[in-house]
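Since the structure comes first, as structure tokens, the remarks are kept for the end.
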Amino acid sequence: MTATAFIKQHIAATEKQIANTISLLQDDHTIPFIARYRKDATGNLDEETIEQIALQLKAYYALIKRKEAIIKAIEKQELLTDEIKEKINATFDLVALEDLYLPFKKSSKTKASVAREAGLEPLAKIIMAQNHDNIQQACQRYICTGFENTDKVIEGAQHIIAEWINENIYIRTHLRRLFLREATLDTKVIKGQKDEEKAQKFAHYFEWSENLNRMPSHRLLAILRATNEGVIQSKVRVDNDQIFEFIEKTIIKKYNTTAPIIKCAIKDSYKRLLYPALSNEILQQCKMKADEKSIGVFANNLGQLLLEPPLGEKRILAIDPGFKSGCKVVCLDEKGDLLHNETIYPHAPQNKTTEALKKIRSMCNAYKIDAISIGNGTASRETEHFIKKIPFDKSMQVFVVNESGASVYSASKIARDEFPNYDVTVRGAVSIGRRLADPLAELVKIEPKAIGVGQYQHDVNQNLLKESLDNVVIRCVNKAGVNLNTASHHLLTYVAGIGPKLAENIVQYRAEHGAFSSRTALLNVPGLGKKAFQQCAAFIRITNADNPLDNSAVHPESYALVNKMAKDLKISVNELIGNRDKINQIQLDNYVTDQIGLHGLQDIVKELEKPGLDPRKKLSIFEFDKNLKTINDLVVGAVVPGIVNNITNFGCFVNIGIKESGLVHISQLKQGFVSDVNEVVTLNQQVQVKVLEVDKERKRIQLSMAI
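Here is the structure:
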């Protein structure tokens with residue numbers, strides 16, 4: 001089976017689309033470049049589909065490599081036959097491949113291997129042939145050291161038979177399907193854990209039973225976490241009688257003196273070999289599905305958060321709020337550089353409100369502040385109320401921003417390198433300010449899973465999580481585009497074709513030679529060759545460049561084509577850009593070539609209409625209910641404004657302006673059935689919610705959007 005045929009089994013795309021995409025990937029083209037600038041070759045496949053093709057291509061080559069290793073291992077044992085080799089080469093399912101290899105696996109000494117060494121395999125074959133009416137008599141000649149009587153001889157033969165049953169591909173395949181279809185996961189609280197404080201969050205699962213394959217991802221991950229933390233016991237359960245009946249019908253053909261022996265071997269094989277292996281396999285398979293769903297939720301949330309609207313290049317006063325330790329305040333210039341920092345104490349216990357008010361006013365005037373950014377952590381609402389009461393000399397925009405991960409950034413090497421002379425509190429406040437100016441540029445400095453917009457991110461496959469979240473960051477950075485002359489090393493790292501080393505070289509070159517005046521100047525950066533330039537050039541922007549197309553998403557390879565379009569219209573490229581009337585006169589069919597088709601031409605025309613347009617929406621100010629400060633202010637039945645701050649498979653969490661976020665269960669998102677939370681809400685969406693229930697003791701709030 002070719003790579004294209006293998007991938008087609010998993011991806012909804014044509015063979016031509018897959019084959020062309022594979023060719024581009026193997027030619028070291030990046031996924032963002034392929035998705036944006038090779039649409040005609042891929043048939044307009046989106047980035048996520050191309051990512052899936054790349055993932056399946058990796059799985060295909062891993063499978064080929066595994067086949068080669070298995071063939072080599074069997075060959076080394078001098079047991080490889082043409083039939084076995086043909087079966088291995090024809091198998092493109094990893095589970096089926098491992099089933100084929102199972103009889104040849106070299107393992108530590110087993111009960112069956114001990115029996116074989118004692119010469120009991122011929123007896124096992126006699127029993128399995130089921131033609132002997134007096135098996136006890138046949139056993140006499142197999143008595144030896146370690147197997148001193150017929151009972152022990154029969155037991156040894158049963159161990160060999162049990163191993164054969166375990167290695168039977170037909171039986172394993174059938175049981176695997178049965179486990180997948182009918183297995184339940186049963187839980188029971190561990191004695192002594194029921195009243196433990198840490199166990200209360202898992203109280204729902206103290207006694208639980210549910211079909212494993214149909215169990216929601218968040219529930220399975222919660223049960224596995226409770227199991228790992230020693231709160232509950234969990235076990236995969238199936239109908240053993242049904243399984244024994246199936247295996248007996250498959251193995252036992254005659255009911256003579258061998259039948260009871262084979263029945264014992266079947267039970268031994270199932271309980272000791274098949275059940276442990278298959279129950280673990282199905283649990284891991286369902287865990288993998290749960291991981292993928294959970295990671296999908298996290299990735300979707302992260303993508304929305306990264307593409308949050310930026311305020312832009314403004315002077316910002318940022319506040320990391322607090323009570324006892326005060327509010328850390330920093331002033332940033334248009335580029336996000338730190339101008340000033342100090343601490344104010346407007347809240348209890350110090351209550352230096354007047355002094356704090358004067359300091360804020362003074363800083364806003366001295367540093368010509370345009371907007372104020374407040375972190376949404378402890379004392380956020382109180383600080384927001386305090387700031388909004390200040391009589392500023394000019395109109396001042398006040399924003400509350402999500403500070404998740406700010407503490408992670410402030411203690412990181414990146415933050416220490418940026419601000420070696422300041423402590424973590426100053427760095428955290430700077431991050432809060434920069435998140436308002438450009439969320440994407442700031443959040444790329446933080447490990448994605450530390451941003452905290454997912455569910456059970458610490459319980460899922462960490463390699464898969466990292467790969468998925470890194471892809472999201474790359475996708476978002478390249479979608480938004482990057483200002484070459486202001487972008488940090490960390491932001492440039494995610495630009496297609498660049499990576500950490502070239503990003504470092506670009507920043508160093510910029511520091512030594514000044515701002516870039518053209519995209520082609522990138523070729524002067526040490527180590528940045530034609531291939532890297534091809535991949536990255538169109539994702540970087542240069543404002544006030546010599547060539548206006550350098551501040552657009554038009555790829556340099558298409559500059560000549562744009563020049564021809566302008567020349568045909570008898571105007572300059574400058575006159576063509578943004579001129580909708582002239583652009584509408586362009587007949588795209590006249591410009592189709594072997595290198596670029598209609599998909600690519602449509603993108604060029606769209607870009608010429610609004611070159612360099614940031615795909616992110618405009619930023620708007622949101623107002624919480626002024627009467628809500630703590631959970632004690634909530635009244636059941638009240639309708640209040642809020643912002644969606646996390647999305648899970650079972651609903652979404654909404655920030656209503658107090659410390660605790662409320663849960664809108666999937667059943668309360670809207671009237672009628674909802675299968676996917678993301679179809680109804682997006683991260684940071686402004687919503688109206690009704691308070692259904694308030695549990696002050698457990699700090700839990702139930703909300704509804706179905707109002």
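According to my numbering, the sequence shown is numbered sequentially starting from 1.
The beta carbon of each residue, even a glycine, is placed where N, CA and C say it ideally should be.
- D438 has its alpha-carbon roughly 6 Å from the corresponding atom of G312.
- Per DSSP, the unbroken beta strand (DSSP E) holding V644 starts and ends at V639 to T648.
- Distance from the Cα of I631 is smallest, within the candidate group G662, K479, N646 and R616, for G662.
- Rounded to the nearest angstrom, the Cβ distance from S234 to L185 is 6 Å, consistent with a contact under 8 Å.
- The DSSP-derived three-state label of S704 is strand.
- Here T257 carries a coil assignment [DSSP, helix/strand/coil].
- Per DSSP, the beta bridge partners of V330 are A318 and N341.
- Taking every protein chain shown into account, the CB of F673 has fewer than 16 other CB atoms within 10 angstroms, so this residue is exposed.
- Under the three-state reduction of DSSP, H132 is assigned to coil, being neither helix nor strand.
- Excluding its 5 nearest sequence neighbours in each direction, A54 has C-beta neighbours in its own chain below 7 Å: L25 and I31, listed in chain order.
- With a 10 Å radius around the Cβ and a threshold of 16 neighbouring Cβ atoms, P260 comes out exposed.
- The alpha-carbon separation between I542 and K67 amounts to approximately 50 Å.
- When DSSP states are grouped into helix, strand and coil, Q193 belongs to the coil group.
- When the beta-carbon positions are compared, Q534 and F179 stay at least 9 Å from each other.
- Per the C-alpha coordinates, the member of G637, E447, I596 and R176 positioned closest to A706 is G637.
- The Cβ-Cβ distance between K670 and V654 does not fall below 9 Å.
- In the three-state DSSP reduction, E623 falls in the coil class, being neither helix nor strand.
- A residue is called buried once 16 or more other Cβ atoms fall within 10 Å of its Cβ, and V592, having fewer, is exposed.
- In the three-state DSSP reduction, L63 falls in the helix class (H, G or I).
- Looking at the backbone, the Cα of L332 and that of I414 are separated by about 18 Å.
- Three or more beta-carbon pairs drawn from the segment 309–325 and the segment 363–383 are found closer than 8 Å, and the two stretches are therefore classed as touching.
- In this structure, R698 is the residue among E83, R698, D676 and V677 with its C-alpha nearest to the C-alpha of E660.
- Note: N655 is bridge-paired with I643 in the DSSP secondary-structure output.
- A direct Cα-to-Cα measurement between G375 and D589 gives close to 52 Å.
- For I127, the CB contacts under 7 Å within the same chain, skipping 5 residues up- and downstream, are I135, A157, I161, T258, I261 and I262 in chain order.
- Bounds of any beta strand (DSSP E) do not take in I474; it lies within the alpha helix (DSSP H) bounded by Q462 to A480.
- Beyond the five residues adjoining it in sequence on each side, Q457 comes within less than 7 Å, by CB distance, of F298, K449 and L465 in the same chain, given in chain order.
- Per DSSP, Q668 lies in no alpha helix (DSSP H) and is assigned neither H nor E.
- R435 and A222 have their alpha carbons spaced roughly 32 Å apart.
- Non-local beta-carbon contacts of E51 in its own chain, meaning distances under 7 Å to residues more than five positions away in sequence, involve I31 and N471 in chain order.
- In the structure shown, the three-state DSSP call for G296 is helix.
- In the DSSP annotation of this structure, the continuous segment of the alpha helix (DSSP H) that includes S431 starts and ends at V424 to A437.
- If the five residues before and after A566 are omitted, its C-beta is found closer than 8 Å to the C-beta atoms of S572, V573, E575 and L576, all from its own chain and listed in chain order.
- Taking one beta carbon from each stretch, the segment 399–414 and the segment 426–435 have 3 or more pairs nearer than 8 Å; the two touch.
- Between I243 and L175, the C-beta spacing is below 9 Å.
- By the C-beta density criterion, L94 is exposed, having fewer than 16 other C-beta atoms within 10 angstroms.
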